[in-house]
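Trainee: Listed in order, the protein sequences are those of chains A, B, C and D.
Read in order, the letters of the first sequence are residues 11 to 371 in our numbering.
Read in order, the letters of the second sequence are residues 11 to 371 in our numbering.
Read in order, the letters of the third sequence are residues 11 to 371 in our numbering.
Read in order, the letters of the fourth sequence are residues 11 to 371 in our numbering.
Note that beta-carbon positions come from the ideal geometry of N, C-alpha and C, so glycine has one too.
Everything numeric in this text was worked out from a predicted model, so none of it was measured.
Here it is: the structure, laid out below.
4 protein chains.
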Amino acid sequence: MSHNSFGHLFRVSTWGESHGPALGCVIDGCPPRIPLAAEEIQAFLDKRRPGQSKFTTQRQEPDAVRILSGVMVDEDGVQKTTGTPISLMIENTDQRSKDYSEIKERYRPGHADFTYDAKYGIRDYRGGGRSSARETAARVAAGAVARKVLPGLVVRGALVQVGPHRIDRSRWDWEAVDRNPFFCPDPVAAEEWATYLDGIRKDGSSIGAVIEVIAEGVPAGLGAPIYGKLDQDIASALMSINAVKGVEIGNGFEAATLTGEENADEMRIGADGRPEFLSNNAGGVLGGISSGEPVVARFAVKPTSSILTPRRSVTRGGEEVDVRTKGRHDPCVGIRAVPVGEAMVACIIADHYLRHRGQNG
Amino acid sequence: MSHNSFGHLFRVSTWGESHGPALGCVIDGCPPRIPLAAEEIQAFLDKRRPGQSKFTTQRQEPDAVRILSGVMVDEDGVQKTTGTPISLMIENTDQRSKDYSEIKERYRPGHADFTYDAKYGIRDYRGGGRSSARETAARVAAGAVARKVLPGLVVRGALVQVGPHRIDRSRWDWEAVDRNPFFCPDPVAAEEWATYLDGIRKDGSSIGAVIEVIAEGVPAGLGAPIYGKLDQDIASALMSINAVKGVEIGNGFEAATLTGEENADEMRIGADGRPEFLSNNAGGVLGGISSGEPVVARFAVKPTSSILTPRRSVTRGGEEVDVRTKGRHDPCVGIRAVPVGEAMVACIIADHYLRHRGQNG
Amino acid sequence: MSHNSFGHLFRVSTWGESHGPALGCVIDGCPPRIPLAAEEIQAFLDKRRPGQSKFTTQRQEPDAVRILSGVMVDEDGVQKTTGTPISLMIENTDQRSKDYSEIKERYRPGHADFTYDAKYGIRDYRGGGRSSARETAARVAAGAVARKVLPGLVVRGALVQVGPHRIDRSRWDWEAVDRNPFFCPDPVAAEEWATYLDGIRKDGSSIGAVIEVIAEGVPAGLGAPIYGKLDQDIASALMSINAVKGVEIGNGFEAATLTGEENADEMRIGADGRPEFLSNNAGGVLGGISSGEPVVARFAVKPTSSILTPRRSVTRGGEEVDVRTKGRHDPCVGIRAVPVGEAMVACIIADHYLRHRGQNG
Amino acid sequence: MSHNSFGHLFRVSTWGESHGPALGCVIDGCPPRIPLAAEEIQAFLDKRRPGQSKFTTQRQEPDAVRILSGVMVDEDGVQKTTGTPISLMIENTDQRSKDYSEIKERYRPGHADFTYDAKYGIRDYRGGGRSSARETAARVAAGAVARKVLPGLVVRGALVQVGPHRIDRSRWDWEAVDRNPFFCPDPVAAEEWATYLDGIRKDGSSIGAVIEVIAEGVPAGLGAPIYGKLDQDIASALMSINAVKGVEIGNGFEAATLTGEENADEMRIGADGRPEFLSNNAGGVLGGISSGEPVVARFAVKPTSSILTPRRSVTRGGEEVDVRTKGRHDPCVGIRAVPVGEAMVACIIADHYLRHRGQNG
């Protein structure tokens, strides 16, 4: 409801700038008595961490998370949540503020420099300040906690398109995702992308991407129509990620091209005597409520605007200039968006699980 | 923040079922002293109203709106908002509950029947109850009020794709939109669609569509990063509309295929001495904050699942059945989604205008 | 979170002015499958209704409530909540707007006339508009629904002080409450008050009062520290009632005069083997969380400012005038505040019950 | 709206336990370009800090605050807010966890031990965990920021009653407040209280108190009726402070004893040609909206329940025990509640100032 928070019962508030002393989040409403160690959160942060391959920014950040509140070691010796706010902090260490001094007065095209100035009349130009993708570390940390709220929930993401190159879905292999630096589920595509992205990188250029996130283990019944629909809240959460320009649920924009006969998911009684769907065009959500099928969301990330080719722009003072971003940047920010997308979906599902439990017992 | 409300300072709560006595909304936080007549709201409701052509449901509803609170006639004889909640009510008149009796026990594939039952354990089966598109009348009414909050705001929508058929953007003509029953801005496409949709209708089938909404007159600086971004809130609002499966801002999913050089909008100093953008790939939003360019959003609507061809399904009791929806339905629900999309975008912009004014004075 | 709503999961939004066509509320988040008939709500409205004795305003309003949404008759023939928003409407019938025409330009001392004008620059002067105590009918209606959310909850209120006259607590008799027009639990005091208040009424004067509300059947564990404490939310809800100037929980202001030895409630193991408190100075709340003891709240209502004695004031135009309120008014608005206080406490407890169930399962 | 946050546009979320590594808050929605140095916040923390006299707990905490985000040094060399979340952190240093080991299994009467266990099934027993008054340091820090939001706002508090001993209001002297360890505005009472409280302290007992907070410089028009009334939100904020059992606005409970003639504040046109009130019984709020008069609130704090005299209680395991609290405690927690009350009132007024600016421009 406020500017830097999301969620209703599982509520996450993030804070911090790219080049401030630290960044973090406060998770309010996490159920009590859930085992939670810093290492579990760290594991997800490590996936998102920059500087792990030549395809992401060379900024080196350990992204070491500390749990400052909301847990205690129980009598069984296990650290658990207590139901009070969980404050997580990650210190910034590799800040190199001087890299950014020359863009202090210049609006980088495609970045939020101009709009932050238009809004606030003051702008933390160091590394993009609050608009930096570094903020997403806090999301990933929150997502690691969210994953533990709904027992049985598994949320996984993958890069399914880089520039014009899509994966071949018949080759989808979740295990492949962790074996290439792109979170790509298609091992063949991953090899081709390596060559393609290396070219982008060497040119000092950048390229967009599409990420798919699939949540399994979501029981039927989650979602709060009309204005807290599960797919709506997922769309909102994904669109809030830096550089995201589009979001789809299930077959998404393709649904516009289908007839009712093609699109509707038929039902039958399964072997276990319970209703089951024969397809999942809906992406696990009907009328804003989960159907019990996997929840499937995709989002498009634009190419980062930090490129070596000079682009026309203006200064705060109204002068026309050409801007060429040196700094350390991602040739494809979509790559590191994979764990961020997973985290956001996990947080939304955790929240809806608690909301449903509240209203419906 | 709760289930049936959206907005933070300009806050809309809707209520009502398809076949209850009435539906409506309460608008909380509308600024005072804005002239507001029921006729102004009615004009937008009339655009959305069913039964106006053979391409939308034949349900006949006058959709006459009453203003129950929040206005008074000022000393100048003009009815104005007072700053207190504006309650709007629309009575349901053409309900024909009997049409729906046979689907009381059956889950219509693609509809929210199964999920509402899974969530609530009770379901208003009459016309879809709360999940009916009739609820969108309340949104359109709220949008009519929202349009008056930010002076100079113009929000217009158009149908840009029906099934596989897209408009030719070079023929875009806003005046054409009101001259065909599809809100289509391309007069040539409109004629082709008439034939195409007539075929869909006669087959008792249905088809998806894509709607584009453009908001002009949005000043730079609106949007509340990180989790109340302008594009995020628009995505959320559009995804909350019945049957929507995808949302895009600016060039949307196409951005995934572009390089940084192609995608970034360059800037120059305009004739008026102020910064201007040379393109609008961003769709008027950078870093979640409006740039001063037109805000451009698109959303995909799936085909309605109410079709004459029998589909396999199950009953509440666990029996396998075939469902064939008779009732009165839209061959392309996307058509009537145009004024609804406009309304949602208008509400979000009004809210962000007030939020910005609050935080930034 | 917004201006005319309260509650987090059981959320109530009210609307309407004293002299508009109607007033009402929307209840969002009520659990599904709760039997709910309009008659049940009406019973509580009838308690609050004006014109029932010479000690309350002579305005005659049937205050007949209609349920416009959120319920349906289930297969067992019982009308039940469906989990969707419950819209309640009460039409205004006895409005006599002309009574108020002469105070259109005058600020009645002690009323909200001046401050509404200062805030909004426009003011519905007819009967106080939105600031009228008529709005509390919507609260009472919402409270009637709230009472059904937590099984076993009993919320009762009583007038415990009128002007300087307090009840004798040793004579407290809940059955007496319904046998006098003051909701007074002390039959002896009730008789004395009749004489006292008759004098006030004949003088065209008014007097303040204190109301006590007791909620029984509240399980230990409800309340959301730190900023959604149960007592905090009750204080907020009671202070939002027209004319309330003070709120206490448990022994309230008297606690300031006690030592730690006197004030702390000791504990022992009860006959049922469970912890029990030996006293209830805390009023059923410790650290913002219910203790399982009855929740006890009191609130002070100021005398209505509508009196026959002329008071010095000013007009909108800046002229000095004397104001004498004729209209139809309550010699002691505290009387009718009893069912309103009950309703607010019931709503807060229902909300916290659902919140607790959400976070803690 | 969530559990550990308050405010709508100026929104404060606090986190941290008494004996965790740190505590703090995140302030979301603070306007940009406000000069803000850590030293300014520190000055208010120093007022609240324990261990400054023998009348407060002897715990020694430097309570040194760090600003982790939301500010930057502007081109004029002054550190200013940027409009992004302000994260404040205070490390805990003097924790002595061993003091509390023996109450791990015992519920201290009057404390929140039993209710936290009832709610969460797990409890941070070290120093009261989240329910400790240490959390109020975060409130004071937030209040220091809030004071800078509304230009001209002055919020001051004073202790006006200790046990049965009230100040003589005719001796009220704001300068006296800082010259005694009780924040007492009556220099004569302050001396008497020193003797009285010394006795309480030596007995290992404790006593309650009443605090008064006065806010000057509040323009007419702030407050969001019906459920975000200014006095309602102040009542909520004050009741959320540890150990508070009652709240009053203006003449509070005394209003119950007054007639309409006595209580209403009359108005005249002042020397400056603007309306003015001839008295302030209302405490600066009418109909939930500020009147332009000073906002006056009072709240009652119960005696701390940590006393040397053994009290009967039970253990988690259901055993009956006697509890005698050793630790380091306040003979009168009301003293340190003075800066906390000021801070809460400042936060609420800042929030309402922004809300009013949002809705009313």
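Can you give the Cα-Cα distance for P229 of chain D and A353 of chain D, rounded to whole angstroms?
Mentor: If you take the alpha carbons of P229 of chain D and A353 of chain D, they lie about 18 angstroms apart.
Trainee: Residue range of the alpha helix (DSSP H) that T146 of chain B falls in?
Mentor: Per DSSP, T146 of chain B belongs to the alpha helix (DSSP H) from T146 to A156.
Trainee: Can you tell me the Cβ-Cβ gap for R346 of chain B and T66 of chain B, rounded? I've got them flagged as a contact below 8 angstroms.
Mentor: Confirmed, Cβ separation roughly 6 angstroms.
Trainee: In this structure, how does DSSP classify M11 of chain B when only helix, strand and coil are distinguished?
Mentor: Because the pLDDT of M11 of chain B is 48, which lies under 50, any placement of that residue in the model is unreliable, and the question is left without a value.
Trainee: Is there at least one Cβ from chain C nearer than 8 angstroms to G368 of chain D's Cβ?
Mentor: G368 of chain D does not count as touching chain C.
Trainee: Where in the stretch 155-217 of chain B do unbroken runs of the alpha helix (DSSP H), each at least 4 residues long, occur, reported from the N-terminal end onward?
Mentor: Qualifying alpha helix (DSSP H) stretches, in chain order: 184-187 and 197-212.
Trainee: Quick check on DSSP: helix, strand or coil for E27 of chain B?
Mentor: The answer is coil: DSSP assigns E27 of chain B none of H, G, I, E or B.
Trainee: What does the Cβ neighbour count give for A147 of chain C, buried or exposed, with the cut at 16 atoms within 10 Å?
Mentor: By the neighbour-count rule (16 or more Cβ atoms within 10 Å), A147 of chain C is buried.
Trainee: Are the C-beta of L19 of chain C and some C-beta of chain A separated by less than 8 angstroms?
Mentor: Closer than 8 angstroms to some Cβ of chain A, the Cβ of L19 of chain C qualifies, so yes.
Trainee: Enumerate, from N- to C-terminal direction, the unbroken beta strand (DSSP E) stretches of 3 or more residues contained entirely within the stretch 58-100 of chain A.
Mentor: Here the runs fully enclosed are 75-77, 81-83 and 89-91.
Trainee: Looking at the structure shown, is T325 of chain D part of a helix, part of a strand, or coil, going by DSSP?
Mentor: The answer is strand: DSSP assigns T325 of chain D an E or B state.
Trainee: For a contact defined as C-beta to C-beta under 9 angstroms, what are the partners of T24 of chain D on chain C?
Mentor: Those within 9 angstroms of T24 of chain D in chain C are I236 and Y237.
Trainee: Measuring straight from C-alpha to C-alpha, what distance separates R365 of chain D and L19 of chain B?
Mentor: Whole-angstrom Cα-Cα distance: 8 angstroms.
Trainee: List the endpoints of the continuous alpha helix (DSSP H) containing C357 of chain B.
Mentor: That run of the alpha helix (DSSP H) goes A347 to N370.
Trainee: Can you pull the DSSP bridge partners for I259 of chain A?
Mentor: DSSP, once it has assigned bridges, lists A:A307 as partnering I259 of chain A.
Trainee: Who are the near neighbours of M277 of chain C in its chain, counting only those whose CB is closer than 8 angstroms to its CB and skipping five residues on each side?
Mentor: Excluding residues within five positions, the ones whose Cβ falls inside 8 angstroms are P285, E286, F287 and L288.
Trainee: Hey, quick one: how far does the beta strand (DSSP E) through L33 of chain B stretch, first residue to last?
Mentor: Per DSSP, L33 of chain B belongs to the beta strand (DSSP E) from A32 to D38.
Trainee: Straight-line CA distance for K336 of chain D to S180 of chain C?
Mentor: So the two alpha carbons sit approximately 38 angstroms from each other.
Trainee: I'd like the ranges of any beta strand (DSSP E) spanning at least 3 consecutive residues and lying wholly in the stretch 228-305 of chain B.
Mentor: The qualifying runs are 254-259, 277-279 and 285-287.
Trainee: How would you write the range of the alpha helix (DSSP H) that D123 of chain D sits in, first residue to last?
Mentor: D123 to Y130 is the span of the alpha helix (DSSP H), which, as asked, contains D123 of chain D.
Trainee: Which bits of chain C does Q171 of chain D rub up against, with CB to CB less than 7 angstroms?
Mentor: Those are A266, listed as they occur along chain C.
Trainee: Determine the extent of the beta strand (DSSP E) in which V333 of chain D is found, giving its start and end residues.
Mentor: Where V333 of chain D is concerned, the enclosing beta strand (DSSP E) stretches over E330 to V333.
Trainee: Does the CB of R43 of chain D have a neighbour CB from chain A at under 8 angstroms?
Mentor: Closer than 8 angstroms to some Cβ of chain A, the Cβ of R43 of chain D qualifies, so yes.
Trainee: Does the CB of K57 of chain D have a neighbour CB from chain E at under 8 angstroms?
Mentor: The structure shown has no chain E; the protein chains it does contain are A, B, C and D.
Trainee: Which residues mark the beginning and the end of the beta strand (DSSP E) in which A143 of chain B is found?
Mentor: No beta strand (DSSP E) contains A143 of chain B, which DSSP labels as neither H nor E.
Trainee: Whose CA, out of A:A128, A:D127, A:I44 and A:V223, lies closest to the CA of R308 of chain A?
Mentor: Selected option, being the one with the closest Cα: A:V223.
Trainee: Please decide whether G231 of chain D counts as near chain B, where near means a Cβ-Cβ distance under 8 angstroms.
Mentor: It does not: the Cβ of G231 of chain D has no partner Cβ on chain B nearer than 8 angstroms.
Trainee: Is it a yes or a no for the stretch 212-219 of chain A touching the stretch 168-188 of chain A, going by three-plus beta-carbon pairs under 8 angstroms?
Mentor: Segments in contact, yes.
Trainee: Which whole-angstrom value describes the C-beta separation of I299 of chain B and G231 of chain B, a residue pair presumed to lie in contact below a C-beta threshold of 8 angstroms?
Mentor: Contact holds; Cβ gap of about 6 angstroms.
Trainee: Just the Cα atoms here: how many angstroms apart are H225 of chain A and E202 of chain B?
Mentor: Checking the sequence, you will find Ala at residue 225 of chain A rather than His. Cα-Cα distance, rounded: 41 angstroms.
Trainee: Using a threshold of 8 angstroms, state whether the C-beta atoms of R326 of chain A and P235 of chain B are closer than that.
Mentor: Their beta carbons are not under 8 angstroms apart, which means R326 of chain A does not touch P235 of chain B by this criterion.
Trainee: Would you identify the three-state DSSP class for R21 of chain D, choosing helix, strand or coil?
Mentor: Of the three classes helix, strand and coil, the one that applies to R21 of chain D here is strand, per DSSP.
Trainee: Determine the chain A residues that contact N252 of chain D at a beta-carbon separation under 8 angstroms, and present them in chain order.
Mentor: The contacting residues do not exist; N252 of chain D stays about 14 angstroms from chain A at best.
Trainee: So, helix, strand or coil for R136 of chain C, using DSSP?
Mentor: Residue state, collapsed to three classes: helix.
Trainee: Please determine if the stretch 70-82 of chain B and the stretch 118-138 of chain B are in contact, where contact requires at least 3 C-beta pairs separated by less than 8 angstroms.
Mentor: Touching, no, given that fewer than three Cβ pairs across the two stretches are closer than 8 angstroms.
Trainee: Can you look up E50 of chain B in the DSSP assignment and give me helix, strand or coil?
Mentor: Reduced to three states, the DSSP call for E50 of chain B is helix.
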